[in-house]
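Right, one structure below, let's go through it.
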Amino acid sequence: RVRRVLVRLARTIRSHELRYAAKCAVIIAIMALPAFMDETKDAYYRWRLNWALTSAVVVLTPTAGASNQAGFYRLAGTLGGALASVAYWHLFHDNYPLMWAMGLLLAWPAYAIFLRGAYPKIGQIFLLTYSVCLLSRSAGLPDAVTGEVWTIEEIALQRAVAVSTGIVAGMLTLNYIWPFKAREALRLTLSSAFFQMGVLYQQ
Numbered sequence: 001r002v003r004r005v006l007v008r009l010a011r012t013i014r015s016h017e018l019r020y021a022a023k024c025a026v027i028i029a030i031m032a033l034p035a036f037m038d039e040t041k042d043a044y045y046r047w048r049l050n051w052a053l054t055s056a057v058v059v060l061t062p063t064a065g066a067s068n069q070a071g072f073y074r075l076a077g078t079l080g081g082a083l084a085s086v087a088y089w090h091l092f093h094d095n096y097p098l099m100w101a102m103g104l105l106l107a108w109p110a111y112a113i114f115l116r117g118a119y120p121k122i123g124q125i126f127l128l129t130y131s132v133c134l135l136s137r138s139a140g141l142p143d144a145v146t147g148e149v150w151t152i153e154e155i156a157l158q159r160a161v162a163v164s165t166g167i168v169a170g171m172l173t174l175n176y177i178w179p180f181k182a183r184e185a186l187r188l189t190l191s192s193a194f195f196q197m198g199v200l201y202q203q
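For the sequence shown, position 193 (counting from the first letter as 1) is numbered 193 according to full-length UniProt numbering, and the numbering increases by one without interruption.
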């Protein structure tokens, strides 16, 4: 009886669902830990690493292929949106109406990519990053904790670093810790099914 329990436990541990849940929980816990430590919580807040947690959760899909795809699109959209917000602020910060009018022109191709393009996530994340960075700087409000007023470069850098950290952490976790590739799983499942059908046919 003990042997049966151990065998059942071993099979459960080897299951993809349990491994996926375990590695996701561990990586998120590790990434959140600095927020609760006195030595690192100030840096954690300054760099807005709570964005990294959100990005990691989104990228942590059950299969490695989907994670790589989602991570690349989000990384490209984030970096593009951050650079665009810096450029638009320096070009049009003296004239807000012109800034918003030019923002509509920028949003047009991004919406086209989102609605009709082959890689819609790039357009979506591009607009999200651009809006967050530019609106945060346009408000001009001091930080609630530090009292500082961040420049557009600091806001864009914080966003890019935090989101990129979460994306890279999620992709590394799925690709190197118990990686699960859908194509390999499909091949093994089909092989097992064909073998069992062959056995049944011979009987």
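We treat Cβ as the ideally placed atom computed from N, Cα and C, and that holds for glycine.
For residue 208, three-class secondary structure by DSSP: Only positions 1 to 203 of the chain appear in this structure, which leaves residue 208 out of reach.
Helix, strand or coil: which one does DSSP assign to G140? coil
Whole-angstrom distance between Y44 and Q158, CA atom to CA atom: 11 Å
Does the distance from the CB of T129 to the CB of A82 come in under 8 Å? yes
Which residues in the same chain have their Cβ closer than 7 Å to the Cβ of M102, if we skip the five residues on either side of it in sequence? Y88 and F92
Shortest alpha-carbon distance to C24 belongs to which of S131, A162, G166 and A139? G166
Ignore the nearest five residues each way along the sequence and tell me which others in R48's own chain have a CB closer than 6 Å to its CB. Q158 and A162
How many angstroms separate the CA atom of I155 from the CA atom of S136? 8 Å
Helix or strand or just coil, what does DSSP make of L60? coil
Reduced DSSP category for F36 - H, G, I as helix; E, B as strand; rest coil: helix
What residue range is occupied by the uninterrupted alpha helix (DSSP H) comprising I155? I152 to Y176
According to DSSP, is W108 part of a helix, a strand, or is it coil? helix
Using three-state DSSP, classify G147 as helix, strand or coil. coil
Say whether the segment 25-36 touches the segment 139-153, bearing in mind that this needs 3 or more beta-carbon pairs closer than 8 Å, one atom from each stretch. no
Can you give the beta carbon distance from G170 to A66, rounded, assuming they're within the 8 Å contact cut? That pair is no contact at about 11 Å.
With 16 other Cβ atoms within 10 Å as the buried cut-off, status of I30: exposed
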